[in-house]
Amino acid sequence: MSDWIVRNPDVFVQLSKAITAACQDTPQHLNQFVQLLGQYNEALFTDLKETQTQIMQRKNEVQDHQAIGDLKQENTARGEEYNLKHKEQELKSALSSINLMLTRMKATESRILTMRTSSSTGINALSQMEGLARNYISGGTAHIGGNSERKRTSGDHQHDASNTLTKVGDAFHFKLDSSSQLNQHMIDTMMHQAKQNNIGSGSATKISIGNVSKLSFSMLEKNGFTIQQIAPNDFSAFKEL
Amino acid sequence: MKSLVNQMQQIQRELKETTERYSMEWKDRRKDEFYRKHVHPNLDDINSAASEMQMIIHQLEVIDNSLKAYGN
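Protein chains in written order, with this note's numbering: chain A, 869 to 1109; chain B, 3 to 74.
Put into structure tokens, the structure is as follows:
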């Protein structure tokens, strides 16, 4: 799977809806079309049967007019019989064509139904991608630059490292919101984000966490960070990537 | 009252519109593997069904016109 750059996980919902709509609408359209084609076929078949009856009627009229010697009426009936026979041939030919159309359309309908079934794989994949995107965001996604930083909600962890990742020169910088104690999960998340974003030319060589509390020193040192005093009561921690 | 052929034309138009909307939703992601794997084949199938419908409608119009000649 190639990279997906999304500004909002809702895009997966929209794309999924588009697939669902197309895959549900198309079989309906096809079904209606096949039904109308079937009605057309029935109408022509009815017309054929009626035309054949009309031909028989004209034949009888010809005989009747012949019997009484009415040549004019006999010729009129013969002309009508001829036209009806012509129509009968056209109807037979049309019915034969429509039967072929129906066979083809039913095969298409079946193919489209298969498409609807197979599209569920794609729809599920989109749903999973949406879940991953949302999970990624709620797990503390940070963005390099851009305007896609999310707003905090009351449900956010107070000390996560979201929305503060920046890249300056050859270093990633996390500026913590408060000087409260870091935990292993937060450090892992920051390291993961830094590694994930550390791609392309000018890759970063260092990760730096600003505004760290003395309470976090041992945890940071355990994770290979070096503590650096920046100013009185202002500490950072850094680690080479 | 709409003829059966007109009703079929209407369905064909609706299907084309569905396909166009579907295609538009994905217009920025046509190079993506997901599009090639899941969306493009669907669009191909739907477009092919719409073309088939169009062809049938054309043939029915010919039949319709031909049979109309027998009317009064």
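Where a beta carbon is used, it is the ideal one built from N, C-alpha and C, also for glycine.
What's the C-alpha gap between residue i and residue j?
{"i": "Arg-32/B", "j": "Arg-38/B", "result": "7 Å"}
{"i": "Leu-952/A", "j": "Val-930/A", "result": "14 Å"}
{"i": "Asn-967/A", "j": "Arg-926/A", "result": "29 Å"}
{"i": "Thr-914/A", "j": "Gly-937/A", "result": "34 Å"}
{"i": "Glu-27/B", "j": "Ser-978/A", "result": "25 Å"}
{"i": "Glu-35/B", "j": "Phe-1042/A", "result": "34 Å"}
{"i": "Leu-17/B", "j": "Lys-1107/A", "result": "58 Å"}
{"i": "Ser-995/A", "j": "Arg-1002/A", "result": "11 Å"}
{"i": "Ser-965/A", "j": "Arg-972/A", "result": "11 Å"}
{"i": "Tyr-24/B", "j": "Met-1059/A", "result": "39 Å"}
{"i": "Leu-916/A", "j": "Leu-959/A", "result": "6 Å"}
{"i": "Ser-1104/A", "j": "Leu-1000/A", "result": "31 Å"}
{"i": "Gln-9/B", "j": "Ile-1005/A", "result": "49 Å"}
{"i": "Asn-1091/A", "j": "Pro-1100/A", "result": "24 Å"}
{"i": "Gly-947/A", "j": "Glu-918/A", "result": "18 Å"}
{"i": "Gln-907/A", "j": "Ser-884/A", "result": "35 Å"}
Is the Cβ-Cβ distance between residue i and residue j less than 8 Å?
{"i": "Thr-982/A", "j": "Glu-54/B", "result": "no"}
{"i": "Ile-991/A", "j": "Ile-887/A", "result": "yes"}
{"i": "Gln-1052/A", "j": "Met-997/A", "result": "no"}
{"i": "Lys-974/A", "j": "Val-902/A", "result": "yes"}
{"i": "Ala-1039/A", "j": "Ser-1076/A", "result": "yes"}
{"i": "Asn-909/A", "j": "Leu-970/A", "result": "yes"}
{"i": "Leu-904/A", "j": "Leu-6/B", "result": "yes"}
{"i": "Ala-962/A", "j": "Ile-65/B", "result": "yes"}
{"i": "Ala-890/A", "j": "Ile-48/B", "result": "yes"}
Using DSSP bridges, identify the partner residues of residue i.
{"i": "Val-1080/A", "result": "Phe-1103/A"}
{"i": "Ile-1095/A", "result": "Ala-1105/A"}
Just mark residue i as buried or exposed, buried being the case when its beta carbon has 16 or more other beta carbons within 10 Å.
{"i": "Thr-989/A", "result": "exposed"}
{"i": "Ile-1067/A", "result": "exposed"}
{"i": "Leu-62/B", "result": "buried"}
{"i": "Lys-955/A", "result": "buried"}
{"i": "Leu-939/A", "result": "exposed"}
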